[in-house]
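Inspection log for the structure reproduced underneath, given as structure tokens.
And the structure:
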């Protein structure tokens, strides 16, 4: 009788462990909500590097998470200027400095930025058979946008 109880307990434990692993693997970063776009005041939306401006009344998803990170995580590369008066806005969040457009630096979406824990660390960006190292210097805000603090641009996607 003790063997049956021990065997049943082990079977239940294995099933729970497998279920937990599958659930963990299946977790997906879903939108945390939406913000409604506001029309920017004239001349207030910086469209350098083909940046978008918020559209009046359009709903934009916001994210507090990003997809899980691996050595082959897929992401979207956007072009921004980190120089003074560039479309990046103010100085970089990590070091409160501007950076030359000749220096490989990046802003990560909110989840990957991880409350600044990746600040000043290098990441490797690979595309078309080539790779480059870039330093994390800023956050591309996935939780807010369409306001003056964000140059009336929409929130970033969760995979920037």
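In mature numbering (1 follows the signal peptide of the UniProt record, and there is no 0), the protein residues as written are -26 to -1, 1 to 134.
Ideal Cβ placement from N, Cα and C applies to all residues, glycine included.
DSSP state of residue i mapped onto helix, strand, coil
i: residue 7; result: strand
i: residue 121; result: coil
i: residue 24; result: helix
Where the alpha helix (DSSP H) through residue i begins and ends
i: residue 87; result: 84 to 87
Distance between residue j and residue i (C-alpha atoms, nearest Å)
i: residue 140; j: residue 63; result: With the chain running from -26 to 134 in the structure shown, residue 140 is simply not present.
i: residue 45; j: residue 134; result: 15 Å
i: residue 26; j: residue 124; result: 11 Å
i: residue 32; j: residue 12; result: 8 Å
i: residue 65; j: residue 73; result: 8 Å
i: residue 69; j: residue 61; result: 18 Å
i: residue 91; j: residue 47; result: 18 Å
i: residue 2; j: residue 132; result: 11 Å
i: residue 57; j: residue 21; result: 15 Å
Bounding residues of the beta strand (DSSP E) (the contiguous stretch that carries residue i)
i: residue 109; result: 104 to 114
i: residue 98; result: 96 to 101
i: residue 134; result: Taken as a continuous stretch (DSSP letters only), residue 134 belongs to no beta strand (DSSP E), as it is neither H nor E.
i: residue 34; result: 33 to 36
Check whether the stretch 6 to 13 touches the stretch 80 to 91, taking contact to mean three or more Cβ pairs, one atom from each stretch, closer than 8 Å. no
Does the count of Cβ pairs from the stretch 66 to 86 and the stretch 99 to 112 closer than 8 Å reach three? yes
Any 3 or more C-beta pairs closer than 8 Å across the stretch 111 to 130 and the stretch 31 to 38: yes
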